[in-house]
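Everything below concerns the one structure shown next.
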Amino acid sequence: MTANLLLIGKSGAMAARAALDLTAQNIANAGNADYARRTLSMAEVAAKGGITMQQDVGLSGVRPDRVLRSDSLFLHNEARRTSGDLARADAELAGLSNAETAIEQAGIYTAIVDFESSLSRLASDPLGGALRSAVVESADRLAQTFHIAGNGLDIAEADLRFGADAGVEQVNLLAGELARTNAGIARARPGSSNMAALFDQRDALLRDMSQYAAVTTSLDAMGRVAVSVDGQPLVAGVDSFTLAMAANPDGSLDFSVGGNAVNLPAGSLLGTSQALHGIADLRGQLDDLAAQVIDVANTAQANGAAPDGTPGQPFFAGSGAADIAVALTSGSQIATAPAGSAADSRDIGNLQALR
0 MTANLLLIGK
10 SGAMAARAAL
20 DLTAQNIANA
30 GNADYARRTL
40 SMAEVAAKGG
50 ITMQQDVGLS
60 GVRPDRVLRS
70 DSLFLHNEAR
80 RTSGDLARAD
90 AELAGLSNAE
100 TAIEQAGIYT
110 AIVDFESSLS
120 RLASDPLGGA
130 LRSAVVESAD
140 RLAQTFHIAG
150 NGLDIAEADL
160 RFGADAGVEQ
170 VNLLAGELAR
180 TNAGIARARP
190 GSSNMAALFD
200 QRDALLRDMS
210 QYAAVTTSLD
220 AMGRVAVSVD
230 GQPLVAGVDS
240 FTLAMAANPD
250 GSLDFSVGGN
260 AVNLPAGSLL
270 GTSQALHGIA
280 DLRGQLDDLA
290 AQVIDVANTA
300 QANGAAPDGT
310 PGQPFFAGSG
320 AADIAVALTS
330 GSQIATAPAG
340 SAADSRDIGN
350 LQALR
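Letter 266 of the sequence shown, counting from 1, is numbered 265 in numbering that gives the first Met the number 0, and no numbers are missing.
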């Protein structure tokens, strides 16, 4: 009897020690986002009667039974959903902000104002060589600002595409890790510390993946996760499938899983695609502005006469921001006078059209 009591006491002490160890582990990982708090369930130690004992079950102490994780499937799903939405918005905002900064730093507005100011100064002395040269120089600076803005958009676009490539690669790496984690879960003993650690790893991988692409998940009875994107399986058991990316003519991105097209409702990859589409729109607006400058100046030149009486020649060459350039070789070719005017005319009737 005394021996039994000692065994019961020993089992209680060992169970308490295991519970304290788990509590210490919880405290040590309080700031670890990849760790779910654990609790230790206990089970009774039962001894069955033998030849010299009554044939029934007698209680013989307590033992640690299962390591339980304190988590919520609903909260995990909501956290992944909201983080995916936030990652999409952040990626789109960052991409468009970089593009807008590139245009603003190029100084297009300032260059247009300077060009118009040089034309206004020319009105005071339409035959002045220095003033005419200043107009050509300001026009050349205007063309250069369009080039700088276009190059800035190229850099912003290239940065987004590089980030998208890295994101797709990371999703595929995470999918492979999830498949290997599923294999580990299948081998682990249910209720063990190793199983709890694998569940932590599974949830952390899913959290990281949701930053890049919105995924749908389901768990089987063992805790293995199946992951799909827009209905296409990305992780199924110990198998993972490849996420791929392709560019569209409008700048946006298309995605596929295992060769099947998918739509991403959230995640940084979607935000990057939206930012690339926005940059394509900005590039179109920049080209339209450059084309407008070219058209206004060239139309005015065609309707005017140079100081030597010859018809005005095109002021700018090109068709957009990438190739706009000053076509005039000197200020003496600026057609400030109306068409048909005599040589050395001080008539500035055509100068307003240039502005």
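Yeah, the Cβ is synthetic: ideal placement off N, Cα and C, and Gly gets one too.
- [ ] Would you identify the three-state DSSP class for residue 216, choosing helix, strand or coil?
- [x] Within the sequence shown, residue 216 is the residue found at index 217, counting from 1. It is a strand residue.
Task: Minimum C-alpha distance to residue 220 - residue among 111, 79, 185 and 325 - done: Reading the sequence shown from its first residue, position 221 is the one you call residue 220. Considering only alpha carbons, the answer is 185.
Task: Beta-carbon separation (whole angstroms), residue 123 vs residue 134, contact threshold 8 Å - done: The residue given as residue 123 occupies position 124 in the sequence shown. The residue given as residue 134 occupies position 135 in the sequence shown. Not quite, the Cβ-Cβ distance comes to about 12 Å (not below 8 Å), so this is no contact.
Task: Of the residues 148, 38 and 75, the one placed nearest residue 283, counting alpha carbons only - done: For the purposes of this step, residue 283 is taken as the residue at position 284 of the sequence shown. The residue with the shortest Cα to Cα distance from residue 283 is 148.
TODO: Enumerate in chain order the residues of its own chain whose CB-to-CB distance from residue 348 is below 6 Å, with the five nearest sequence positions on each side excluded.
DONE: Taking the first residue of the sequence shown as position 1, residue 348 is located at position 349. Result list for residue 348: 337, in chain order.
- [ ] Kindly indicate which residue of 178, 139 and 69 has the alpha-carbon position closest to the one of residue 190.
- [x] Indexing the sequence shown from 1 puts residue 190 at position 191. Nearest C-alpha to residue 190: 69.
Task: Beta-carbon proximity list for residue 97, same chain, < 6 Å, skipping 5 on both sides - done: Locating residue 97 in the sequence shown gives position 98, counting from the first residue. If we look at residue 97 and ignore the five residues flanking it on each side, its Cβ neighbours are 155.
TODO: Could you check what DSSP says for residue 231 in three-state terms: helix, strand or coil?
DONE: As a working note, residue 231 is residue 232 in the sequence shown. Residue state, collapsed to three classes: strand.
Task: Presumed contact (8 Å Cβ cut-off) between residue 175 and residue 239, rounded CB distance - done: In the sequence shown, counting from the first residue as 1, residue 175 sits at position 176. In the sequence shown, counting from the first residue as 1, residue 239 sits at position 240. Indeed, because the Cβ distance is near 5 Å, the residues count as touching under 8 Å.
TODO: State the Cα-Cα distance for the pair residue 60 and residue 243, rounded to the nearest angstrom.
DONE: Taking the sequence shown and counting its residues from 1, one reaches residue 60 at position 61. Taking the sequence shown and counting its residues from 1, one reaches residue 243 at position 244. If I take the Cα positions, the gap works out to 57 Å.
TODO: Could you say which of 151, 233, 310 and 157 lies nearest to residue 215 if we only look at CA atoms?
DONE: What you label residue 215 is simply residue 216 of the sequence shown in a count that begins at 1. With distances taken between Cα atoms, residue 215 lies closest to 233.
Open item on the list: Any contact between the segment 274-291 and the segment 306-322? By contact I mean 3 or more CB pairs, one from each, below 8 Å.
Closed with: yes
Task: Residue interval of the alpha helix (DSSP H) (run including residue 301) - done: Along the sequence shown, one-based indexing puts residue 301 at 302. First-last of the alpha helix (DSSP H) with residue 301: 267-301.
Open item on the list: Using a 10 Å radius around the Cβ and a threshold of 16 neighbouring Cβ atoms, would you call residue 168 buried or exposed?
Closed with: Taking the sequence shown and counting its residues from 1, one reaches residue 168 at position 169. Classification for residue 168: exposed.
Open item on the list: Quick check: what's the CA-CA separation for residue 224 versus residue 91?
Closed with: Residue 224 sits at position 225 when you count from the first residue of the sequence shown. Residue 91 sits at position 92 when you count from the first residue of the sequence shown. Each residue's Cα considered, the two are about 30 Å apart.
Task: Exposed unless 16 or more other CB atoms sit within 10 angstroms - verdict on residue 181 - done: Translated into positions along the sequence shown, residue 181 becomes position 182. Result: buried.
TODO: Answer yes or no: do residue 209 and residue 257 have a C-beta to C-beta separation smaller than 8 Å?
DONE: For this step, residue 209 is matched to residue 210 along the sequence shown. For this step, residue 257 is matched to residue 258 along the sequence shown. The answer is no: Cβ separation not under 8 Å.
Open item on the list: Bridge partners for residue 260 per DSSP, in chain order?
Closed with: Translated into the one-based positions of the sequence shown, residue 260 becomes position 261. 255.
- [ ] Return the first residue and the last residue of the alpha helix (DSSP H) that residue 327 is part of.
- [x] Sequence index remark: in the sequence shown, residue 327 carries index 328 (1-based). Careful: residue 327 lies outside any alpha helix (DSSP H) and carries neither H nor E.
Task: Of the listed residues 160, 201 and 248, nearest to residue 236 (C-alpha basis) - done: Translated into positions along the sequence shown, residue 236 becomes position 237. The residue with the shortest Cα to Cα distance from residue 236 is 201.
TODO: Pick helix, strand or coil for residue 239, following the three-state DSSP scheme.
DONE: Here residue 239 refers to the residue found at position 240 when the sequence shown is read from its first residue. Strand.
- [ ] Please say whether residue 195 and residue 37 have beta carbons closer to each other than 8 Å?
- [x] For this step, residue 37 is matched to residue 38 along the sequence shown. For this step, residue 195 is matched to residue 196 along the sequence shown. Yes, the Cβ-Cβ distance between residue 37 and residue 195 is below 8 Å.
TODO: Select from 277, 351 and 331 the residue whose C-alpha is nearest the C-alpha of residue 302.
DONE: Walking along the sequence shown from the start, residue 302 turns up at place 303. Checking every option, the nearest Cα to that of residue 302 belongs to 351.
TODO: Return the chain-ordered list of same chain residues with a C-beta closer than 7 Å to the C-beta of residue 264, the five sequence neighbours on each side being excluded.
DONE: For the purposes of this step, residue 264 is identified with residue 265 of the sequence shown, where counting begins at 1. Cβ within range, chain order: 213.
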